[in-house]
Amino acid sequence: MPRSPKVPAASVAPKVRAYLAALPPAPRRAVKALLAAIKAAAPGAEPVFSYGIPGFRYQGKVLAWCAGWREHASVYPLTAGMRAAAGPALAKFATAKGTTRFPLDAPLPLPLVRKMVRARAAEIRAAR
Numbered sequence: 331m332p333r334s335p336k337v338p339a340a341s342v343a344p345k346v347r348a349y350l351a352a353l354p355p356a357p358r359r360a361v362k363a364l365l366a367a368i369k370a371a372a373p374g375a376e377p378v379f380s381y382g383i384p385g386f387r388y389q390g391k392v393l394a395w396c397a398g399w400r401e402h403a404s405v406y407p408l409t410a411g412m413r414a415a416a417g418p419a420l421a422k423f424a425t426a427k428g429t430t431r432f433p434l435d436a437p438l439p440l441p442l443v444r445k446m447v448r449a450r451a452a453e454i455r456a457a458r
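Here it is as structure tokens:
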């Protein structure tokens, strides 16, 4: 995973606010909840806005991004460690090589998201 360029947090916040403001209400609520879950799972993570979506960097590496869509909210990336941490619970959700899609018509599995993010943070620490 490439390093995300360091951008001062003060310049990230307006971009995140603008991104959220442009979303319809349901995906906006989902992305806000996902961002809070990601931050809670990795204390010390720094906000980042790259690839046109909000996320967090952890120990200088990209931890996770999230995006809102018409019918789902996505978390990126989906690494081997994240898949393993999620276990069979991940089968309930659409996944692709690098993303997990959570439908907006069901409650977000925030405990699962936190578990996956903790696994991603562990991968980053192990790679140092």
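Mapping of the sequence shown onto the numbering used here: residues 331 to 458, in sequence order. Here a beta-carbon is modelled for each residue, glycine too, at the ideal position from N, C-alpha and C.
Between the alpha carbons of residue i and residue j, how many angstroms are there, rounded?
i      : j      : result
Ala419 : Ala410 : 15 Å
Pro354 : Arg400 : 8 Å
Ala436 : Lys391 : 31 Å
Lys427 : Val405 : 12 Å
Arg333 : Pro377 : Low confidence applies to Arg333: its pLDDT is 44, below 50, so where it sits in the model is not reliable, and the reading given next is rough at best. Straight-line Cα distance between these residues: approximately 14 Å.
Lys345 : Gly417 : 34 Å
Leu438 : Arg347 : 21 Å
Arg458 : Ala452 : 10 Å
Arg358 : Ala415 : 26 Å
Ala343 : His402 : 23 Å
With a threshold of 16 other CB atoms inside 10 Å of the CB of residue i, please say whether the residue is buried or exposed.
i      : result
Tyr381 : exposed
Ala394 : buried
Ala456 : exposed
Can you tell me where the alpha helix (DSSP H) holding residue i begins and where it ends?
i      : result
Glu453 : 440–457
Arg413 : 410–416
Arg358 : 355–371
For residue i versus residue j, is the C-beta spacing smaller than 9 Å?
i      : j      : result
Ala352 : Val443 : no
Ala372 : Arg448 : yes
Phe423 : Pro407 : no
Ends of the beta strand (DSSP E) at residue i?
i      : result
Arg387 : 383–388
Glu401 : Segment: none, Glu401 is in no beta strand (DSSP E) and carries neither H nor E.
Ala426 : 424–426
Can you name, in chain order, every residue of its own chain whose Cβ lies under 7 Å from the Cβ of residue i, other than the five neighbours on each side?
i      : result
Arg387 : Ser334, Ala375, Glu376, Val378, Leu393
Ala370 : Arg444
Met412 : Met446, Ala449, Arg450
Below 6 Å CB to CB, which residues in the same chain sit around residue i once its five sequence neighbours on both sides are set aside?
i      : result
Ile383 : Trp395, Ala397
Gln389 : Ile454
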